[in-house]
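Structure record follows, encoded as structure tokens.
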Amino acid sequence: MSIAKKYLLLTAFVSAIIIFALGGLLIVSYQQNRALATNIIELEAKLAQQEQARANAIRMAGPGAASSPVDRQIKDLSTKFVGDSRNLAEKLRDFTAEHTSAQDLAIACKVVADLAENPEALGDAQLVWLYDTQTDANLKRVIAQALSQRGNNQLLDTFVAQWKPSLSDSNPAERRKALGELAKTRYAASADLIVPLLADTDTSVLLDALLALRVTGNERHLPPLEKLLQSSDESVRWLASDARNNLELLSKKARMSVNSADIAAELPTIALQ
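Just so you know, the sequence shown maps onto residues 0 to 272 in numbering that gives the first Met the number 0.
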């Protein structure tokens with residue numbers, strides 16, 4: 000047999016082996032894909048069943064029923080039940096006295112924010128009383144903002160004033176902390192205290208002051224920004240320009256009280272459950 004014929008036979012034999020192997024791989028791959036597809040279909044069916052069961056449970060519970068532990072807790076704290084003589088402020092006081100985690104305090108903040116437009120459920124006097132029972136800065140701020148939303152800045156002015164000493168603390172970290180708390184108020188009286196820190200020699204404090212002024216000030220606070228627009232620090236120039244662009248849109252009467260959007264923007268996060 001010639002070398003050419005031997006080569007052709009060898010080539011044909013190798014090709015047959017390759018084709019056979021590929022065929023086997025395709026069969027295995029097909030079987031695996033079918034198994035995977037079957038698993039996916041089964042999982043989708045289970046998820047659909049679970050979702051349907053959840054929907055049925057919510058429907059059976061009735062309209063307005065809470066759908067998670069957090070929802071149920073918020074609903075409980077927002078509702079006065081027959082047989083419980085406490086008002087909602089007292090319920091919140093008792094809840095925060097027993098539950099002091101960040102999650103629990105965030106829930107209390109959400110309840111107060113939701114009731115800000117419902118003075119019949121949580122009255123002004125009850126907000127003032129509740130404010131004095133609390134120590135958490137976020138909750139005190141939200142209580143104060145809720146009263147401000149109703150046109151009374153009494154508590155918000157008190158909250159802002161408590162941070163004034165920290166703004167002149169020798170420790171930059173304390174000054175920055177105070178700026179952060181004032182920024183969350185979204186209130187022009189906070190901007191009045193923030194403006195002097197635009198001259199702070201610590202750049203990190205200065206940058207925080209610009210950020211805080213941006214969300215608390217109005218056009219009345221524009222003049223102190225002019226000098227910073229010429230700063231040698233690019234970050235300072237950029238933030239000063241950004242603050243100016245925002246404050247130019249707000250009249251001198253802007254941010255003299257807060258609204259529901261201001262409160263919602265700074266609510267502490269509630270973890271999903």
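Don't be surprised by glycine CBs; every beta carbon is placed ideally from N, CA and C.
Between Glu247 and Glu225, the C-beta gap is not smaller than 8 Å, which leaves the two residues out of contact. By the C-beta criterion, the region 142 to 150 is judged not to be in contact with the region 171 to 178, since fewer than 3 inter-stretch pairs fall below 8 Å. Annotation for Ile73: the continuous alpha helix (DSSP H) segment containing it runs Pro68 to Leu76. Taking C-alpha positions only, Lys252 is separated from Leu227 by approximately 24 Å. Burial is judged here by how many other beta carbons sit within 10 angstroms of a residue's own beta carbon; Glu97 has fewer than 16 and is exposed.
About 24 Å separates the Cβ atoms of Leu212 and Ala112, ruling out a contact at the 8 Å cut-off.
Check the Cα spacing between Ala124 and each of Asn151, Thr99, Ser169 and Asp241: the tightest is with Asn151. Contact annotation: Arg85 and Leu129 have beta-carbon atoms that are not nearer than 8 Å.
The Cβ-Cβ distance between Ser77 and Val127 does not fall below 8 Å.
The Cβ neighbour count for Lys163, taken over all protein chains shown within 10 Å, is under 16; the residue is labelled exposed.
If you compare the alpha carbons of Ser234, Leu221, Gln161 and Ser100 with that of Leu205, the shortest gap goes to Ser234. Residue state for Asp232 is assigned as coil, using DSSP reduced to three classes.
With fewer than 16 other Cβ atoms inside 10 Å of its own Cβ, Glu119 counts as exposed. One alpha carbon belongs to Gly216, the other to Val81, and they sit about 45 Å apart.
DSSP places Glu97 in the uninterrupted alpha helix (DSSP H) bounded by Leu87 to Glu97. Ranked by Cα distance from Leu121, the first of Thr202, Thr99 and Lys79 is Lys79. In the structure shown, Thr200 adopts coil according to DSSP, grouped into three states. Runs of alpha helix (DSSP H) with 4 or more residues, each lying fully within the region 160 to 210, are found at 171 to 182 and 187 to 193, listed in chain order. Residue range Asp123 to Thr132 is occupied by the alpha helix (DSSP H) that includes Asp131. CA-CA distance, Leu178 to Arg71, rounds to 35 Å.
When Thr268, Leu192 and Glu116 are compared, the shortest CA-CA separation from His220 is found for Leu192. Shown here for Asp261: same chain residues with a beta carbon closer than 6 Å to its own, the five before and five after excluded, namely Arg185 in chain order. Considering only Thr268, Val194 and Cys108, the residue with the shortest C-alpha distance to Ala242 is Val194.
Between Ser100 and Leu210, the alpha-carbon positions lie close to 28 Å from each other. Glu218 carries a helical assignment under DSSP once its states are collapsed to helix, strand and coil. By the C-beta density criterion, Glu116 is exposed, having fewer than 16 other C-beta atoms within 10 angstroms.
Where Ser259 is concerned, the enclosing alpha helix (DSSP H) starts and stops at Ser259 to Ala264.
Excluding the 5 residues flanking it on each side, Ser250 has same chain C-beta neighbours closer than 8 Å at Asn217 and Glu218, in chain order.
Per the C-alpha coordinates, the member of Pro68, Lys183, Thr134 and Leu196 positioned closest to Ile106 is Pro68.
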